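Reviewing the structure listed below.
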Amino acid sequence: MATRNPFAINPNTGNYTILLSEIRSRFRMVSIVKPDVDQIFRIKCFEYNFKNSNVIAEKISLLYEIIRLYLPIEQRSVISLTSFIDLLQY
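Quick note: the sequence shown, position 78, residue 63 per my numbering, numbers continuous.
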(Lines of atoms letter the chains of each structure in order from A and count residues from 1; the text may use other names and numbers.)
(Lines give C-alpha, C1' and ligand atoms only; values in the text may rest on other atoms or scores of the structure.)
Protein backbone atom coordinates (compact mmCIF):
# COMPACT_ATOMS: atom_id res chain seq x y z
CA MET A 1 0.00 0.00 0.00
CA ALA A 2 1.42 3.34 -1.00
CA THR A 3 1.73 6.01 1.64
CA ARG A 4 1.85 9.72 1.10
CA ASN A 5 3.12 12.60 3.11
CA PRO A 6 0.11 14.93 3.51
CA PHE A 7 2.41 17.82 4.34
CA ALA A 8 4.44 17.65 1.14
CA ILE A 9 3.99 20.04 -1.76
CA ASN A 10 3.78 18.19 -5.11
CA PRO A 11 4.30 14.69 -3.63
CA ASN A 12 3.93 13.04 -7.07
CA THR A 13 7.21 14.49 -8.30
CA GLY A 14 10.68 13.88 -6.96
CA ASN A 15 11.16 17.58 -6.21
CA TYR A 16 8.91 18.24 -3.25
CA THR A 17 9.30 20.32 -0.16
CA ILE A 18 7.89 19.80 3.31
CA LEU A 19 5.60 22.51 4.67
CA LEU A 20 6.80 24.59 7.57
CA SER A 21 5.95 23.39 11.07
CA GLU A 22 3.94 26.59 11.69
CA ILE A 23 1.64 25.68 8.81
CA ARG A 24 1.49 21.99 9.76
CA SER A 25 0.44 22.84 13.31
CA ARG A 26 -2.72 24.51 12.00
CA PHE A 27 -4.02 21.30 10.41
CA ARG A 28 -4.92 17.93 11.83
CA MET A 29 -4.97 14.49 10.28
CA VAL A 30 -8.37 13.07 9.37
CA SER A 31 -9.20 9.47 8.61
CA ILE A 32 -12.31 8.47 6.67
CA VAL A 33 -13.70 4.98 7.19
CA LYS A 34 -16.63 3.32 5.47
CA PRO A 35 -19.39 2.73 8.05
CA ASP A 36 -20.11 -0.85 9.10
CA VAL A 37 -23.67 -1.10 7.81
CA ASP A 38 -24.26 -4.54 9.33
CA GLN A 39 -23.35 -3.33 12.80
CA ILE A 40 -25.48 -0.20 12.46
CA PHE A 41 -28.55 -2.19 11.42
CA ARG A 42 -27.96 -4.74 14.19
CA ILE A 43 -27.83 -2.01 16.82
CA LYS A 44 -30.87 -0.17 15.46
CA CYS A 45 -32.97 -3.35 15.27
CA PHE A 46 -32.03 -4.15 18.85
CA GLU A 47 -32.78 -0.57 19.88
CA TYR A 48 -36.26 -0.73 18.35
CA ASN A 49 -36.97 -4.08 20.13
CA PHE A 50 -37.34 -6.31 17.08
CA LYS A 51 -37.52 -10.02 17.76
CA ASN A 52 -34.57 -11.84 16.13
CA SER A 53 -32.88 -8.51 15.56
CA ASN A 54 -29.70 -10.10 14.17
CA VAL A 55 -31.59 -11.97 11.44
CA ILE A 56 -33.63 -8.91 10.49
CA ALA A 57 -30.50 -6.75 10.46
CA GLU A 58 -28.71 -9.18 8.12
CA LYS A 59 -31.65 -9.18 5.72
CA ILE A 60 -31.94 -5.38 5.75
CA SER A 61 -28.21 -5.06 5.26
CA LEU A 62 -28.32 -7.43 2.29
CA LEU A 63 -31.24 -5.52 0.80
CA TYR A 64 -29.37 -2.23 1.28
CA GLU A 65 -26.23 -3.54 -0.43
CA ILE A 66 -28.17 -5.04 -3.36
CA ILE A 67 -30.12 -1.84 -3.93
CA ARG A 68 -26.92 0.22 -3.82
CA LEU A 69 -25.27 -2.22 -6.23
CA TYR A 70 -27.99 -2.22 -8.89
CA LEU A 71 -29.24 1.37 -8.77
CA PRO A 72 -27.74 3.83 -11.23
CA ILE A 73 -25.38 6.37 -9.67
CA GLU A 74 -27.87 9.23 -10.15
CA GLN A 75 -30.50 7.47 -8.03
CA ARG A 76 -28.25 6.24 -5.20
CA SER A 77 -28.76 9.42 -3.23
CA VAL A 78 -32.43 8.46 -2.78
CA ILE A 79 -31.49 5.28 -0.93
CA SER A 80 -29.23 6.15 1.97
CA LEU A 81 -28.36 4.64 5.30
CA THR A 82 -30.46 7.22 7.11
CA SER A 83 -33.49 6.43 4.95
CA PHE A 84 -33.23 2.76 5.92
CA ILE A 85 -32.92 3.68 9.59
CA ASP A 86 -35.97 5.93 9.26
CA LEU A 87 -37.81 3.00 7.71
CA LEU A 88 -36.95 0.86 10.74
CA GLN A 89 -38.17 3.58 13.06
CA TYR A 90 -41.46 3.89 11.21
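Backbone N, C-alpha and C fix where the C-beta goes; we use that ideal spot for every residue, glycine too. Computed from a predicted structure; not experimentally measured.
Limits of the unbroken alpha helix (DSSP H) element including residue i
i, result
"Phe26", "22 to 32"
"Asn39", "38 to 55"
"Glu7", "6 to 9"
"Ser68", "66 to 74"
Same chain only: Cβ atoms within 6 angstroms of residue i, ignoring 5 sequence neighbours per side
i, result
"Ile64", "Ile52"
"Phe35", "Ile41"
Member of the options whose CA lies at the smallest distance from the CA of residue i
i, options, result
"Ser46", "Phe69, Asn37, Leu56, Phe35", "Phe69"
"Arg61", "Glu32, Tyr49, Val18", "Tyr49"
"Thr67", "Val15, Pro20, Glu7", "Pro20"
Close Cβ partners of residue i (< 7 angstroms) along its chain, the five nearest in sequence each way excluded
i, result
"Asn39", "Arg27"
Residues near residue i in its chain [Cβ-Cβ closer than 8 angstroms; skip 5 each side]
i, result
"Lys44", "none"
Nearest-angstrom Cβ-Cβ length linking residue i and residue j, presumed shorter than 8 angstroms
i, j, result
"Leu72", "Cys30", "Not quite, the Cβ-Cβ distance comes to about 11 angstroms (not below 8 angstroms), so this is no contact."
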